[in-house]
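Each protein sequence line maps, in turn, to chains A, B and C. Residue 43 in the working numbering sits at position 43 of the first sequence; the count goes up by one each step and never skips. Just add 1000 to wherever you are in the second sequence, counting from 1, and you've got the working numbering. Just add 2000 to wherever you are in the third sequence, counting from 1, and you've got the working numbering. Backbone N, C-alpha and C fix where the C-beta goes; we use that ideal spot for every residue, glycine too. Quick caveat: nothing in here was measured; it's all calculated off a predicted structure. One structure is given below, encoded as structure tokens.
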Amino acid sequence: MSKDKTLGETLQERGISRRSFLKFCATTASMMALPPAMIPVIAATLEKLRRPSVIWLSFQECTGCTESLTRSHSATIEDLIFDTISLDYHHTLQAASGSAAEQAREEAMQENYGNYILVVDGSIPGENNGYSTIAGISNKDMLLEVAAGAAAIVAVGSCATFGGIPHADPNPTGAVSVSDLVKDKAIVNVPGCPPIPAVITGVLVQFLTFGLPELDQLGRPAAFYGNSIHDRCYRRPFYDKGLFANSFDDEGAKKGWCLFKLGCKGPTTYNACATTKWNDGTSFPIEAGHPCLGCSEPDFWDAGGFYKALSIPTEDIGKTAVYAGAAGLIAGAAIGASLRARKQSAVKNHERVTIDDLDQES
Amino acid sequence: MTDTEFLLWVRGPAFSAATFIMCAGLVIRFLEIFLLGRKADLAEARGSAAAGGFRTLFRRSIPDAGSFQRSGFTIVSGYIFHIGLFIVIFLFVPHILVFETVSGLSWPGLPSNIIDATNVVTMIALLAVLIHRVKDPVMRMLSEFNDYLVWFVTFLPLLTGYLAFHRVALSAPMLIGLHILSVELLMVLFPFTKLSHAFTLWMARWYNGAIAGYKGVQS
Amino acid sequence: MTANGMPAPGFEASAPCAPPTGNLVPLMHEIRHALTRWLEQGEEHVIDLRSIPLAPGEEDRLLAQLGEGEVNARLSIQGPSDIIETRYPGVWLITHYNENESIMGRFIEVCEVPGILTSQADDIRAGLERLEDQLSNAETTA
């Protein structure tokens, strides 16, 4: 059975040389930001790896995460990843459809119960289960059923990790994330809209090689989400010097100055964009001149506006101040009048000023 | 509540509430002062009240030699932290953006590392002022809970601002959220404590100058 | 000075839009220390260039400084990989590309020869099997 062969044996069979394998391990270590000393460890672990079964469930998603993964230019690594795993179920990529596909999924689950990896993209309608179904099964039921037998769960993309765009105000489908529904399994969150393809595969490889990675308080692998964009941004010297672009394509923007004023969410966003970048290290939004949207953070769609700087309040403060002034005028007039009346009666009654009067604060 | 939700709450409804309380509170305080009225001065005017008032607005900012001898430390450290507060609040670009949103006015800012250094100096000055308040017997006798409270809510935004800028210990959303929350605390307490001196001092100076000017004496 | 008033390109300067990170000189010192250690103790050293933040243009400056020496090897291993000995013997630059000629990884190795350039035992064994098959076929047909 092909599933019992190790990765090393599989590669040998396909005529992939050990040199190629070493190249893969070196580039993988680089991508996972591991020191070069770990390359032999990765090599030793991966070549003994037996193909785990992977079930990929797609719920309320735009398929961008799958697109990101498969449109990746590093075809070699993705090929190897998908060859090292047995992708037993994936809507977009699988050949089977309909009841045959569901049957394949159930067989894979039974055969590998307790050992398969569940990958999820897309959010799940939490209450009204009719909003999103597959083969008549609601997303929520399918998730809970498949999660029960999974060794671990990887939630890919902002929808699966935090609810994403379906979760944005007013959230008409009651969309929730995987971790909102599954409470008893280890979940690795790989957010981003979409996540960087190298990060998706890096997390899968890291998981296959070393097991559960170190996770931050939002369940994201620290290797890729440990630093904020702001802390690794090449435009940071301009932020520190106070040189900002004021509008798109103005003088400052053309000189590559900081995009804080244009609404950049870099300071509060944790992702690998500033170092790993996109399209095999070509560039990332800030380098292209657009402020970071913060797409790997929860509720980034509702975070007060993409083009509103982080220091600016999200609600209409000017209006609030005017209303407050009006309310103050009314209340102040009333209080002032009563104070005046009290003073005038005190004068009329020749009341003395005492030390307590002078000590009053109001 | 996640750190991000906290930051969004602090930037959203909490800021609106704090603004409402501060603006309404300030207006109420102004009306309380003005509506109390003043006794009319029935004597004949010997000089110009307005000139005296106007002059005093600025003259009082310069300490005279006698005051300086008696409380030089208070004057110097006071000037340092007030000027420091002005620089840190009004000349840091992320803050200027907030003022621009509310008022439409904008102005250039200083490099962020200069703001950072100024922040440190201001915090040191404030700490010195607190130590003086506690150690000097007269100050200690005069000081009440409100004085310490006011010091604390002034110091806290500087401290949280420093931590947020240097991104120390906590996550970025939490640090920025705590900083904005500390400013909201300051805003809420502003009209109801001695902090309102920022606005009332102009009225007090004007009135003292006007009395003297009306009488024809220098103030 | 260049036309737009920036300092003329030198070891630390960078492309007009990005300020230099100042990482080039420390990198070269790291290489210097690694060469010394290799000569004294035979200890090898690998630097992953991806792990060092460099402003746009700085990596090119680094590669220009390292230059090319006597050895230039191109490997075809699931996409090309270039291994060159730089102008400093013992300092090797390894660049891995995928099949679309996009860079997958870049390393500087201070050693006698990078391990990936040498023939691997598994590959030798597989090749020996192929040779033995070929020879036995040749004998049967001869």
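Where the alpha helix (DSSP H) containing residue 1131 of chain B begins and where it ends: Residue mapping note: residue 1131 of chain B aligns to position 131 of the second sequence, counting from 1. For residue 1131 of chain B, the enclosing alpha helix (DSSP H) has its first and last residue at 1112 to 1135.
Range of the contiguous beta strand (DSSP E) that encloses residue 57 of chain A: Residue mapping note: residue 57 of chain A aligns to position 57 of the first sequence, counting from 1. Its beta strand (DSSP E) spans residues 53 to 58.
The stretch 181 to 192 of chain A in contact with the stretch 208 to 225 of chain A per 3-pair CB rule at 8 Å: yes
In DSSP terms, what residue 17 of chain A is bridged to: Working through the first sequence from its first residue, we reach residue 17 of chain A at position 17. Its beta-bridge partners do not exist; DSSP assigns none.
Cβ shell of residue 1125 of chain B (< 6 Å), same chain only, five flanking positions each side left out: Reading the second sequence from its first residue, position 125 is the one you call residue 1125 of chain B. 1077, 1080 and 1081, listed in sequence order.
Where the alpha helix (DSSP H) containing residue 1006 of chain B begins and where it ends: Counting from one through the second sequence, the residue named residue 1006 of chain B turns up at place 6. Boundaries of the alpha helix (DSSP H) harbouring residue 1006 of chain B: 1003 to 1011, taken from the DSSP string.
Cβ-Cβ distance between residue 295 of chain A and residue 264 of chain A below 8 Å: Here residue 295 of chain A corresponds to residue number 295 of the first sequence, with the count starting at 1. Here residue 264 of chain A corresponds to residue number 264 of the first sequence, with the count starting at 1. Against a cut-off of 8 Å, the Cβ pair of residue 264 of chain A and residue 295 of chain A comes out as no contact.
Residues that residue 36 of chain A contacts on chain C, provided the C-beta gap is smaller than 8 Å: One-based indexing of the first sequence puts residue 36 of chain A at position 36. 2046, 2047, 2048 and 2107, listed in chain order.
Residue closest to residue 1112 of chain B, alpha-carbon to alpha-carbon, out of B:1188, B:1122 and B:1087: If you number the second sequence from 1, residue 1112 of chain B lands on position 112. Cα-wise, what sits closest to residue 1112 of chain B is B:1087.
Rounded C-alpha distance that separates residue 1083 of chain B from residue 230 of chain A: On the second sequence, residue 1083 of chain B is found 83 positions in, with the first residue counted as 1. On the first sequence, residue 230 of chain A is found 230 positions in, with the first residue counted as 1. The alpha-carbon atoms of residue 1083 of chain B and residue 230 of chain A are separated by roughly 30 Å.
Beta carbon proximity, residue 267 of chain A to chain B, threshold 8 Å: The residue given as residue 267 of chain A occupies position 267 in the first sequence. Interface annotation, residue 267 of chain A: in contact with chain B, CB-CB separation under 8 Å.
Exposed unless 16 or more other CB atoms sit within 10 angstroms - verdict on residue 1013 of chain B: What you label residue 1013 of chain B is simply residue 13 of the second sequence in a count that begins at 1. That one is exposed.
Among A:159, A:182 and A:276, the one whose alpha carbon lies nearest that of residue 31 of chain A: Taking the first residue of the first sequence as position 1, residue 31 of chain A is located at position 31. The shortest Cα separation from residue 31 of chain A among A:159, A:182 and A:276 belongs to A:276.
Residues near residue 147 of chain A in its chain [Cβ-Cβ closer than 7 Å; skip 5 each side]: The residue given as residue 147 of chain A occupies position 147 in the first sequence. Counting only Cβ-Cβ distances below 7 Å, and skipping sequence neighbours, we find 118, 153, 182 and 185.
Chain-ordered neighbours of residue 329 of chain A on chain B, where CB pairs are closer than 8 Å: Counting from 1 along the first sequence, the entry for residue 329 of chain A is found at position 329. Simply 1027 and 1031.
Chain-order list of residues whose beta-carbon lies under 6 Å from that of residue 1003 of chain B (same chain, five-residue window excluded): Stepping through the second sequence from its first residue, residue 1003 of chain B is reached at position 3. Taken in chain order, the residues that qualify are 1171, 1173 and 1174.
Three or more C-beta pairs below 8 Å linking the stretch 53 to 64 of chain A and the stretch 99 to 119 of chain A: yes
Local Cβ density within 10 Å of residue 1190 of chain B, reported as buried at 16 or more and exposed below that: Counting from one through the second sequence, the residue named residue 1190 of chain B turns up at place 190. Buried, by the Cβ-count rule.
N-terminal and C-terminal residue of the alpha helix (DSSP H) that residue 2128 of chain C is part of: The residue given as residue 2128 of chain C occupies position 128 in the third sequence. Per DSSP, the unbroken alpha helix (DSSP H) holding residue 2128 of chain C starts and ends at 2121 to 2141.
Coarse secondary structure for residue 129 of chain A, derived from DSSP in three states: On the first sequence, residue 129 of chain A is found 129 positions in, with the first residue counted as 1. Three-state result, residue 129 of chain A: helix.
Listed by chain order, chain B residues near residue 297 of chain A by CB distance under 8 Å: Taking the first residue of the first sequence as 1, we reach residue 297 of chain A at position 297. Under the 8 Å cutoff, chain B gives 1004 and 1173.
Span separating the alpha-carbon of residue 284 of chain A from that of residue 273 of chain A: Within the first sequence, numbered from 1, the residue matching residue 284 of chain A stands at position 284. Within the first sequence, numbered from 1, the residue matching residue 273 of chain A stands at position 273. If I take the Cα positions, the gap works out to 6 Å.
Residue 2081 of chain C at chain A interface by Cβ criterion, 8 Å: By one-based count along the third sequence, residue 2081 of chain C stands at place 81. Using a Cβ-Cβ cut-off of 8 Å, residue 2081 of chain C counts as an interface residue toward chain A, since at least one Cβ of chain A sits closer than that to its own.
C-beta neighbour in chain C for residue 22 of chain A, strict 8 Å: Here residue 22 of chain A corresponds to residue number 22 of the first sequence, with the count starting at 1. It does; some Cβ of chain C falls within 8 Å.
Rounded Cβ spacing between residue 1213 of chain B and residue 1048 of chain B (contact assumed at less than 8 Å): On the second sequence, position 213 is the one that residue 1213 of chain B refers to. On the second sequence, position 48 is the one that residue 1048 of chain B refers to. Indeed they touch by this definition, with Cβ atoms about 5 Å apart.
8 Å Cβ cutoff met for residue 25 of chain A and residue 37 of chain A: Locating residue 25 of chain A in the first sequence gives position 25, counting from the first residue. Locating residue 37 of chain A in the first sequence gives position 37, counting from the first residue. Taking 8 Å as the Cβ cut-off, residue 25 of chain A and residue 37 of chain A do not qualify as a contacting pair.
Counted within 10 angstroms of its Cβ, other Cβ atoms place residue 2125 of chain C as buried (16 or more) or exposed: Here residue 2125 of chain C refers to the residue found at position 125 when the third sequence is read from its first residue. Exposed, since its Cβ has fewer than 16 Cβ neighbours within 10 Å.
Residue 32 of chain A - DSSP class collapsed to helix/strand/coil: Walking along the first sequence from the start, residue 32 of chain A turns up at place 32. Coil at residue 32 of chain A, not helix or strand.
Spatial neighbours of residue 2067 of chain C in its chain, beta-carbon cut-off 6 Å, leaving aside the 5 residues before and after: Working through the third sequence from its first residue, we reach residue 2067 of chain C at position 67. Excluding sequence neighbours, residue 2067 of chain C sits near 2086 and 2087.
Between the CA atoms of residue 269 of chain A and residue 1133 of chain B - distance to the nearest angstrom: If you number the second sequence from 1, residue 1133 of chain B lands on position 133. If you number the first sequence from 1, residue 269 of chain A lands on position 269. Spanning the two alpha carbons is a distance of roughly 42 Å.
Nearest-angstrom Cα separation, counted from residue 251 of chain A out to residue 2106 of chain C: The residue labelled residue 2106 of chain C in the question sits at position 106 within the third sequence. The residue labelled residue 251 of chain A in the question sits at position 251 within the first sequence. Distance between the alpha carbons of residue 2106 of chain C and residue 251 of chain A is about 35 Å.
Residues of its chain near residue 163 of chain A, where Cβ-Cβ distance is below 7 Å and the 5 sequence neighbours each way are ignored: Within the first sequence, numbered from 1, the residue matching residue 163 of chain A stands at position 163. Within the same chain, residue 163 of chain A has close Cβ partners 123, 175, 176 and 177.
For residue 155 of chain A, the residue or residues it bridges with in DSSP: The residue you call residue 155 of chain A lines up with position 155 of the first sequence. Looking at the DSSP assignment, residue 155 of chain A forms a beta bridge with A:120 and A:189.
Residues near residue 2011 of chain C in its chain [Cβ-Cβ closer than 8 Å; skip 5 each side]: The residue labelled residue 2011 of chain C in the question sits at position 11 within the third sequence. Note on residue 2011 of chain C: pLDDT 39, under 50, position unreliable in the model; no value is reported.
Backbone CA spacing between residue 88 of chain A and residue 2134 of chain C [nearest angstrom]: Counting from one through the first sequence, the residue named residue 88 of chain A turns up at place 88. Counting from one through the third sequence, the residue named residue 2134 of chain C turns up at place 134. Roughly 39 Å between the two C-alpha positions.
Span of the beta strand (DSSP E) around residue 2096 of chain C: Against the third sequence, residue 2096 of chain C aligns to sequence position 96. Start and end: 2091 to 2097.
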